[in-house]
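Protein chains in written order, with my numbering: chain C, 1 to 233; chain H, 1 to 483; chain P, 1 to 257.
Where a beta carbon is used, it is the ideal one built from N, C-alpha and C, also for glycine.
If you're wondering where the values come from, they're calculated on a predicted model, not measured in any experiment.
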Amino acid sequence: MNTNYLKNILSLIFLISLFACQTQVNSTEQYICPMKCEDHKTYDHPGTCPVCKMDLVKVSSLEAPILDEDGISEESIFNLQSEWKTQDNESIHLTDLKGKVLVVVMIYTSCEAACPRLVADMRNIYSKVDDPNVDYVLVSIDPEKDTPEKLKTYAQEEHLEGDQWILLQGKLDDVREFSNVLSMKYKKISPIDFSHTNIISVFDKQGVLQHQQEGLGVSNDKLVQKVKALSEE
Amino acid sequence: MYGLKYPSIKLLLLCSIFYLVGCSGSSHENGENTMDIEVHGKINAQLTSPPYVPDPIGSRPAKNVIVDMEILEQEGQMANGVSYIYWTFGGSVPGSFIRTRLGDEVEFTLKNHPNNKLPHNIDLHAVTGPGGGASSSFVAPGHEITFSFKTLNPGLYVYHCATAPVGMHIANGMYGLILVEPAGGLPKVDKEYYIMQGDFYTKGNNGEPGLQPFDMQKAIDEDADYVVFNGSTDALTGDNAITAEVGETIRLYVGNGGPNLASSFHVIGEIFDRVHVEGGKLINHNVQTTLIPPGGAAIVEFKVEAPGTFVLVDHAIFRAFNKGALGMLKVTGNENESVYSGTIQEGIYQPEGGSIQTMPGDQGAPEAPTAQSVSERIKLGKSIYARTCLACHQEEGQGIPSAFPPLAKSDYLNADVDRAIDIVLHGKTGEITVNGQKYNSVMTAQTLTDEQVANVLTYIYNSWGNSGVEVTPMMVTKRKSAH
Amino acid sequence: MSRLKYIFACFGLLAFSLTGYSQTPTGMQPIKGGTLIPLYGLDSGKVWVDDFLLDIYPVTNEQYLDFVKKYPEWKRANAKSIFADGNYLSEWQSDLQLGTHMNPKSPISNVSWFAAKAYCACQEKRLPSVDEWELAARASETKANAENDSSFNTRIIESYETPNTYSKTVGSTYKNFWGIYDMHGLVWEWTSDFNSVLISGESRQDGEADRNLFCAGAAISASNLRDYAAFMRYAFRGSIKANYNIKNLGFRCAKSK
């Protein structure tokens, strides 16, 4: 028993020194040649394929979509950890929106030029799609001014009413991160105004980006079609 | 983690917007709506580096044409001993030649090599749509982007990079030509070549050796150090000359990348039978010199009737002789006395005592190393020769018959060293007889230091069966003060 | 995400001393705030930047390797594609080994914005904003603001044109007025709000003059037409996306005062 115990301790120290700051030791992962040179032969350790010399990859990484332990695809916006406030002052994470098709736009409520048109387009899409399994999400790029109360008022003014309309306020940093996921650009150009790109994005029920409509006054037919198809999946 | 996981939905969308806008400008001048031309099948575009062009489109119908172009930022040779970091479409300056026909639907993929430092895009003048494709093709290093367009107007068009600072991207070589042939193709000719003029701005003056960086101030001042065809002083000279046989018809696709200088394109000893003026539909006949603005092009056609070397120049002539805007067309075959008797003078004409000559020492001459021995002098002289003399007097000093006298086994040269020094220092105009042949041409004064004059003459005297004299800087200085 | 898998974190901390610290010098220098005229897009033309701290050197390969060891979610095999595309650490031999040809002390590159952001957050720092970065980068050796020094600008443009500078050792360029190295001459650097550069013709909203960086567009809206180096930087920022990983793009961290 003693020797075993000692062995364990020694190997633990050895492991620690090997992996230094590593916080995760995953021994169950199998590795395989990405070209499948040896068919389905797998290895316990990373290395190179003896046939084509390519780096072995994890077996799991070859299957698409790649899901982590929570069943979230690695392309999903549900990977974002950020916390948001809704117009009803509820705290939510993006994963809370899982299971519904999402139509997303980034706006700010004091915007007078492009945003009213974007919001009108959102309403138009909403009535064309006419499906309770789709949520409509408006994320403010001006979280300093767009408080939950402000968003609530805005939703009323713009007739964005019902459970399917979700208006979000986030932290400055998280809003910037979210815009990067959408490849959306914006810049504060004066104390009240922003310049920004006009993009309406569609995410499937797993939070993976499936379609983007860019520009103002563009036909939303394609987008509507896509939303309907995704909702039926 | 591996492979492309980010669908380029946005890009596709951009293309479709782009496409829609394209429609609005689709009515063609001859009444036919070129937008309605149907495509049949798909082909990969053949892309060629200058001076070559892809095969003619012939009678093929309009097709989906796949163009795959890679942007490379790479070091290349501007002149002998002078290198430059070129930014290129397809690894050459000008970029790869793209050949399409009217109604083709081009699917264009632009790849920005991972080693590149800058984002780029492409503005094709053949495209009707926002930015000529520039707004849909902005691509970061290590990425690629695809957009599509339909060719609606036949003609020869420039393409170029339009990323800020635009001037710098063009000045570094990011331009090329795309040809849209009419249905049925252009009339058949024997030889076709691709030539593009560009002006370059380097930190060191013309000829200063080493890797020369871009000089923004000179570019803004439009003070070019090099004006060249196909990206370097020797791209179309010596072994790189374009060739033809006597009796052949030649078509040159000539573009001007600029960024600043318009080209007065001329072939010494030829008259263009036909010029598609500005690359468009209008055809002019019997043209001596055609003007090609930056961002413009022309198609010139002529038949070569006599053998010999025909020199291509920007007839703003200092650019040709002092900045590199020289190319050569070597025509082989039998003499045709009725066309060319051999005594007609061709080239530049200046009145007697031409006032064009620049005096050495007027401006700061480029610095150069000092030769410590005859062999070193010959070695240094050789590179000066390549830069300054070779274009006219040729690689083996053989000259160009009836235009530029030979230096090889030259009785005129070997007879009088002081006279040779004087000619290099002050230029030479008027008739001379060399090895029994008469020449009446102009050589401009060369802005060289005494050391350089000595080196280049020593090289010449020690080559090609000449007398083997060493010319020293002292001898040059002495001749200078003799005037 | 489940935190359970990090139960070994404490062992990691204990073991830290065993591996020794990274050899690349670290440290920050204070940058004094001031007004800045960004190349693009401000109604008022000027922006005020507060005092802040900035890393003296760009983050190096070996420093990033340490980070990846500590935070395995940023190993090449683990990084999610929404956060880093297929070029992430693409020149590394394996998850925990730099490429054989790589200089441990040259700037890390082929990292995404998300990765750079996470790195800085783990050091209790953040990425600098575009304005902060520009403020620090306009300093020459002797002047806090060398915008009007043409030889300084020429030097910057030349360094941008020079190929393969990403493999140089950090600190091999000049030390600027603030004591910061390598702001120009090694790699482009990520900034927290790089996507505030609205170019490439995406911004087709009505009434927005800030259209793009192409041809006339650039000349119309830019504040300084002669600042070619800034044009190159802003064009670069406008061309990238947050999950891109580029060979000539690294980062350094900042901190508010």
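Could you round the C-beta distance between residue i and residue j to whole angstroms and report it? I think they count as a contact, below 8 angstroms.
| i | j | result |
| --- | --- | --- |
| ASN112(H) | ILE178(H) | No, ASN112(H) and ILE178(H) are not in contact; Cβ-Cβ is about 19 angstroms, not under 8 angstroms. |
| THR109(C) | ASP146(C) | 5 angstroms |
| ARG274(H) | GLU301(H) | 4 angstroms |
| PHE487(H) | GLY176(H) | With chain H covering 1 to 483 only, the question about residue 487(H) has no answer from this structure. |
| GLU262(P) | ARG252(P) | Nothing can be reported for residue 262(P): it is not among the residues displayed for chain P, which extend from 1 to 257. |
| SER109(P) | GLY250(P) | 5 angstroms |
| ALA298(H) | GLY279(H) | 6 angstroms |
| GLU192(H) | VAL287(H) | Actually they are not in contact, since the Cβ atoms of GLU192(H) and VAL287(H) sit about 18 angstroms apart, beyond 8 angstroms. |
| LEU124(H) | TYR86(H) | The Cβ separation is near 20 angstroms, so there is no contact. |
Does the Cβ of residue i have 16 or more other Cβ atoms within 10 Å, making it buried, or fewer, making it exposed?
| i | result |
| --- | --- |
| ASN455(H) | buried |
| GLU157(C) | exposed |
| GLN446(H) | buried |
| TRP284(P) | Nothing about residue 284(P) can be read from this structure; chain P reaches only from 1 to 257. |
| CYS122(P) | exposed |
| LYS257(P) | exposed |
| ARG419(H) | exposed |
| LYS543(H) | Residue 543(H) is absent from the model: chain H starts at 1 and stops at 483. |
| ASN78(P) | buried |
| ASP36(H) | exposed |
| ALA120(C) | exposed |
| ASP221(C) | exposed |
Chain P partners of residue i, CB-CB under 8 angstroms?
| i | result |
| --- | --- |
| GLU90(C) | The contacting residues do not exist; GLU90(C) stays about 21 angstroms from chain P at best. |
| GLU74(C) | LYS80, SER81 and ILE82 |
| THR88(H) | In chain order: nothing, as chain P lies at least about 13 angstroms away. |
If you measure from the beta carbon of residue i to each beta carbon in chain P, is any gap under 7 angstroms?
| i | result |
| --- | --- |
| LEU176(C) | In the sequence as displayed, the identity of residue 176(C) is Arg instead of Leu. By this cut-off, ARG176(C) is an interface position. |
| MET174(H) | no |
| LYS171(C) | no |
| GLU233(C) | no |
| SER195(C) | yes |
| MET69(H) | no |
| TYR19(H) | Below a pLDDT of 50, predicted positions are generally treated as unreliable, and TYR19(H), at 41, falls in that range; the measurement from the model is reported next regardless. It does not; no Cβ of chain P falls within 7 angstroms. |
| ALA140(H) | yes |
| ILE85(H) | yes |
| ASN180(C) | yes |
| THR163(H) | yes |
| MET216(H) | yes |
Between the Cα of residue i and those of the options, spot the shortest distance and give me the residue it belongs to.
| i | options | result |
| --- | --- | --- |
| GLN46(H) | ARG101(H), ALA482(H) and ALA79(H) | ARG101(H) |
| LYS188(H) | GLY468(H), LYS303(H) and ASN435(H) | LYS303(H) |
| VAL105(C) | ILE72(C), ASP173(C) and TRP165(C) | TRP165(C) |
| ALA113(C) | LEU138(C), ILE200(C), GLU232(C) and PHE194(C) | PHE194(C) |
| VAL202(C) | THR86(C), GLN87(C) and MET122(C) | MET122(C) |
| GLN87(C) | ASP174(C), GLY162(C) and TYR186(C) | GLY162(C) |
| TYR186(C) | LEU39(P), LYS143(P) and GLY238(P) | GLY238(P) |
| ASP55(P) | ILE31(P), PHE67(P) and SER94(P) | ILE31(P) |
| GLU132(P) | LEU53(P), ASN248(P) and TYR40(P) | LEU53(P) |
| TYR234(P) | ASN195(P), ASN243(P) and SER106(P) | ASN195(P) |
| LYS63(H) | PRO114(H), HIS120(H), THR151(H) and ILE85(H) | THR151(H) |
| ASN180(C) | GLY171(P), ILE157(P), ILE240(P) and ASN153(P) | ILE240(P) |
Could you work out which residues of chain C lie near residue i, taking near to mean beta carbons separated by less than 9 angstroms?
| i | result |
| --- | --- |
| ILE37(P) | Per Cβ cutoff of 9 angstroms: no residues; ILE37(P) is ~13 angstroms from chain C at best. |
In chain P, what lies closer than 9 angstroms to residue i by C-beta?
| i | result |
| --- | --- |
| SER140(C) | Ordered by position in chain P, no residue passes the 9 angstroms Cβ test against SER140(C), which lies about 16 angstroms from the chain. |
| SER219(C) | Near SER219(C) there are no residues of chain P at all, since even the closest Cβ is about 14 angstroms away, more than 9 angstroms. |
| GLU73(H) | GLU161 and PRO163 |
| HIS143(H) | ASP85, ASN87, SER239, ILE240, LYS241, TYR244 and ILE246 |
| ASN79(C) | MET1, LYS80, ILE82 and PHE83 |
Please tell me whether residue i has its Cβ less than 7 angstroms away from any Cβ of chain H.
| i | result |
| --- | --- |
| ILE246(P) | yes |
| TYR228(P) | yes |
| PHE114(P) | no |
| ILE240(P) | yes |
| ASN261(P) | Nothing can be reported for residue 261(P): it is not among the residues displayed for chain P, which extend from 1 to 257. |
| ALA118(P) | no |
| PHE251(P) | no |
Given that residue i touches chain C, what residues does it touch there, using C-beta distances under 7 angstroms?
| i | result |
| --- | --- |
| SER258(P) | The structure shown does not extend to residue 258(P), since chain P is modelled only from 1 to 257, so the question has no answer here. |
Please list the partners that residue i has in chain H, where partner means a Cβ-to-Cβ separation under 9 angstroms.
| i | result |
| --- | --- |
| TYR160(P) | LYS117 and LEU118 |
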